[in-house]
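*Asks:* The numbering of the first sequence is our numbering, which starts it at 3 and goes up by one.
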Amino acid sequence: MQKKERYQSLLNYFRAQQPEPETELHYTNPYELLVAVILSAQCTDKRVNMVTPALFERFPTPAHLAASHFDEVFPLIKSISYPNNKAKHLIGMAQMLVNEFNSEVPAGVETLQKLPGVGRKTANVIASVVYNAPAMAVDTHVFRVSKRLGLVSQTAKTPLEVEKQLVKNIPQEDIPKAHHWLILHGRYVCLARSPKCGSCEITAWCRYYEKKHPISPKNT
DNA sequence: ATCCCGAGGG
DNA sequence: CCCTCTGGAT
């Protein structure tokens, strides 16, 4: 199957399933999303959503967070991964927002990456979700699912490689949605350890499934 | 033992 | 490129 056809088939399927996918992180403004995405590194969205309500109540704006102390932030995020690093990153991030960006979340990926705790993946999430920019954030789900579905080359080794190939092949206006489609498929169907191929509706286009269920070469 | 919407530093 | 950070679920 040709690459273009594979992309079109899969995008059509996902669009039919969920025309307007959304983040499962809970937030009400760009600042809250930025905090939630920083917290989500190597942690499930569900667990992040358990700590953010108290966090947002205590620190409703970047100024509140910027003026806080490590010992005020740490206890509130203690139950998620890397609370030590993340507490420091959150405060530093808020201070930079206040001091350099007038307490607003900047739009550009390059600028976003200057914020403490914000790497390429987080910057791409903000750019695409908040500003609807054609930026593809490649997290563990997008990385795994893209390779299994044959959207990118099987030899791709880094998230950046996968990102470039996806951006090149997905229509610009679909990129923010495709990001969520791939994540949701990865989270609920195409699981890392034991993917639910039995209930998956797109195995016909899946390289991983092909490999696991090879068609016997009868008459070739 | 492996995974979860990674980032920073060596 | 590698390593460390580091909690909870499966």
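We put the beta carbon where it would ideally sit given N, CA and C, even for glycine.
If we count Cβ pairs, one from each stretch, closer than 8 Å, do we get three or more for the region 30-42 versus the region 197-208?
*Replies:* Not touching, per the Cβ criterion.
*Asks:* Check whether the Cβ of F72 sits closer than 6 Å to any heavy atom of the ligand COA, and report yes or no.
*Replies:* You won't find the ligand COA in this model; it holds no ligand whatsoever.
*Asks:* To the nearest angstrom, how far is the alpha carbon of A68 from that of I172?
*Replies:* By 1-based counting over the first sequence, the position of residue 68 is 66. By 1-based counting over the first sequence, the position of residue 172 is 170. Whole-angstrom Cα-Cα distance: 38 Å.
*Asks:* Taking DSSP as the reference, what is the three-state secondary structure of A240?
*Replies:* Nothing can be reported for residue 240: it is not among the residues displayed for the chain, which extend from 3 to 222.
*Asks:* Tell me the rounded alpha-carbon separation between R195 and V132.
*Replies:* Residue mapping note: residue 195 aligns to position 193 of the first sequence, counting from 1. Residue mapping note: residue 132 aligns to position 130 of the first sequence, counting from 1. Taking the straight line joining both Cα atoms gives about 31 Å.
*Asks:* So, with DSSP's three-state summary, where would you put I185?
*Replies:* Locating residue 185 in the first sequence gives position 183, counting from the first residue. I185: helix per DSSP, three-state reduction.
*Asks:* Taking the alpha carbon of I128 as the reference point, which residue from I93, L12, F16 and L27 has its own alpha carbon closest?
*Replies:* If you number the first sequence from 1, residue 128 lands on position 126. The residue with the shortest Cα to Cα distance from I128 is L27.
*Asks:* Please list, in chain order, all residues of the same chain as V120 whose beta carbon is under 7 Å from its beta carbon, the five residues on each side excluded.
*Replies:* The sequence position of residue 120 within the first sequence is 118, counting from 1. Excluding sequence neighbours, V120 sits near I40, M95 and L114.
*Asks:* Going straight from the alpha carbon of P77 to that of P136, what length do you get?
*Replies:* On the first sequence, position 75 is the one that residue 77 refers to. On the first sequence, position 134 is the one that residue 136 refers to. Each residue's alpha carbon lies about 36 Å from the other.
*Asks:* In angstroms, rounded to a whole number, what distance separates the CA positions of T63 and H215?
*Replies:* To locate residue 63, count along the first sequence from 1; it is residue 61. To locate residue 215, count along the first sequence from 1; it is residue 213. About 52 Å.
*Asks:* Going straight from the alpha carbon of L193 to that of A43, what length do you get?
*Replies:* Along the first sequence, read from residue 1 onward, the residue named residue 193 stands at position 191. Along the first sequence, read from residue 1 onward, the residue named residue 43 stands at position 41. Rounded to whole angstroms, L193 to A43 spans 18 Å at the Cα level.
*Asks:* Could you pull the start and end residues of the alpha helix (DSSP H) that A89 belongs to?
*Replies:* Position 87 of the first sequence, counted from the start, is the residue given in the question as residue 89. P85 to E102 is the span of the alpha helix (DSSP H), which, as asked, contains A89.
*Asks:* Indicate the three-state DSSP secondary structure (helix, strand or coil) for Y29 in the structure shown.
*Replies:* Within the first sequence, residue 29 is the residue found at index 27, counting from 1. Reduced to three states, the DSSP call for Y29 is coil.
*Asks:* Residue range of the alpha helix (DSSP H) that R49 falls in?
*Replies:* Along the first sequence, read from residue 1 onward, the residue named residue 49 stands at position 47. That run of the alpha helix (DSSP H) goes D47 to R60.
*Asks:* Do P23 and H143 count as a contact pair if the criterion is CB distance below 7 Å?
*Replies:* Position 141 of the first sequence, counted from the first residue, corresponds to residue 143. Position 21 of the first sequence, counted from the first residue, corresponds to residue 23. Against a cut-off of 7 Å, the Cβ pair of P23 and H143 comes out as no contact.
*Asks:* Would you check if the distance between the CB atom of A125 and the CB atom of V147 is smaller than 7 Å?
*Replies:* The count along the first sequence starts at 1 and reaches residue 125 at position 123. The count along the first sequence starts at 1 and reaches residue 147 at position 145. Contact flag unset, no.
*Asks:* So, with DSSP's three-state summary, where would you put P77?
*Replies:* Locating residue 77 in the first sequence gives position 75, counting from the first residue. Helix at P77.
*Asks:* Between the C-alpha atoms of S11 and N134, what's the straight-line distance to the nearest angstrom?
*Replies:* Here the question's residue 11 lines up with position 9 in the first sequence. Here the question's residue 134 lines up with position 132 in the first sequence. Roughly 23 Å between the two C-alpha positions.
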